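Numbering (our numbering), first residue to last: 23 to 182. Think of the CB as a built atom: it goes at the ideal place given N, C-alpha and C, for glycine as much as any other residue. Remember, predicted model here, so these are calculated numbers, not experimental data. Reading through the structure tokens given below for one structure.
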């Protein structure tokens with residue numbers, strides 16, 4: 023039973039390595055795949071930041087701000103699953119959170135880092151290179167999904 027589980031894990035690792043290798047090359051894949059096995063929520067996107075930013079769609083119906091201490095209750099109202107302690111820890115670690123508002127409600131947020139930041143799922147620190155960024159979490163309110171907010175926030179982050 024134990025050997026069958028290990029065999030399945032190695033097959034999964036091989037598939038992930040081949041998939042990621044095609045996107046980012048063998049050296050980055052060798053770094054990413056072990057992390058992916060630990061936290062399978064980990065995703066890798068590779069592409070031209072300049073092309074993404076150039077195709078940006080700037081929607082005026084949303085207002086964007088960077089999270090401040092006074093806005094933590096609004097973030098928790100938008101996503102109650104996120105705790106105040108986690109928000110403050112991320113802010114203390116140097117992560118940034120951009121909020122997208124519709125009227126007085128937060129409809130989308132994106133936690134990201136462009137400076138070294140500790141990873142939450144392994145005892146390592148992410149050290150971004152030039153033009154790299156680490157996205158910790160993205161949330162869109164259910165009523166605002168499929169409206170391009172994820173794309174809008176990705177474009178903004180790429181321009182940062």
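- With a 10 Å radius around the Cβ and a threshold of 16 neighbouring Cβ atoms, residue 175 comes out buried.
- Taking a C-beta distance under 7 Å as the contact criterion, residue 49 and residue 85 do not qualify as a contact pair.
- A straight-line Cα-Cα distance of about 15 Å links residue 131 and residue 125.
- Residues 135, 136, 137, 138, 156 of the same chain have their beta carbon placed closer than 8 Å to that of residue 150, with the five preceding and five following residues left out of the count.
- For residue 171, the enclosing alpha helix (DSSP H) covers residues 171-181.
- By a beta-carbon distance limit of 8 Å, residue 101 does not contact residue 166. Their separation comes to about 12 Å.
- A Cβ-Cβ separation of about 14 Å leaves residue 129 out of contact with residue 89 under the 8 Å criterion.
- Under the three-state reduction of DSSP, residue 163 is assigned to coil, being neither helix nor strand.
- Of the candidates 148, 104, 83, 154, 154 places its Cα closest to the Cα of residue 180.
- Distance check between residue 108 and each of 158, 168, 177 places 158 closest, using alpha-carbon atoms only.
- Note on geometry: alpha-carbon atoms of residue 114 and residue 140 lie some 11 Å from one another.
- Residue 121 sits in a strand when the DSSP states are folded into three classes.
- Spanning the alpha carbons of residue 133 and residue 169 requires a straight line of approximately 19 Å.
- From the listed residues 111, 94, 105, 117, the smallest Cα separation to residue 127 is found for 94.
- Residue 112 sits in a helix when the DSSP states are folded into three classes.
- Taking every protein chain shown into account, the CB of residue 111 has fewer than 16 other CB atoms within 10 angstroms, so this residue is exposed.
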